[in-house]
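Shown next as structure tokens:
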């Protein structure tokens with residue numbers, strides 16, 4: 061290996077370790093405060109970003125990176141009576157597709173969760189490794 065390759069590998073490993081640290085902090089904060097998995101947060105986030113607060117279930121599945129069965133189980137948990145933050149339904153005359161819509165309860169819940177998300181990100185941002193890893197990420201961008 062030459063010096064450039066060694067530096068690239070070292071930077072990549074540092075970045076991936078930092079990424080794992082941030083993910084663990086987010087997962088821990090969301091789980092501790094709301095009993096919410098990070099994948100469920102992503103469902104709410106992607107729904108909140110749409111004007112109608114709805115997306116096809118299959119599209120959500122691809123955006124989050126889950127199998128069809130895992131996405132169905134997650135949606136069922138999020139739709140259940142004790143949670144109720146999303147609703148699954150057909151769309152018009154198209155019986156092939158299932159759509160997922162964020163409920164009003166889901167919108168309110170998401171606003172609360174965003175505060176915890178922001179706090180967790182801010183906590184990791186204050187870590188000195190954040191600045192180092194941001195530089196690493198920028199160096200990858202410059203090399204491409």
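In the numbering used here, the protein residues as written are 61 to 204.
All residues carry an ideal CB built from backbone N, CA and C; glycine is no exception.
DSSP, read as helix, strand or coil, puts residue 145 in coil.
Apart from the 5 residues on each side of it in sequence, residue 84 has no Cβ closer than 6 Å to any other Cβ in its chain. Sixteen is the threshold: when 16 or more other Cβ atoms of the shown chains lie within 10 Å of the Cβ of residue 166, as they do, the residue is buried. 95 is the residue among 95, 192 and 88 whose C-alpha sits nearest the C-alpha of residue 142.
In this structure, residue 160 sits near residue 114, with a CB-CB distance shorter than 8 Å. In terms of Cα proximity to residue 137, the closest of 110, 109 and 103 is 103. When the beta-carbon positions are compared, residue 145 and residue 162 come within less than 8 Å of each other. Contact annotation: residue 147 and residue 158 have beta-carbon atoms that are not nearer than 8 Å. The straight-line gap separating the alpha-carbon atoms of residue 91 and residue 179 is approximately 14 Å.
Check the Cα spacing between residue 169 and each of 70, 93 and 63: the tightest is with 93.
The beta-carbon separation of residue 173 and residue 75, rounded to 26 Å, does not stay under the 8 Å limit for a contact. In its chain, beyond the 5 residues on either side, no residue has a beta carbon closer than 7 Å to the beta carbon of residue 63.
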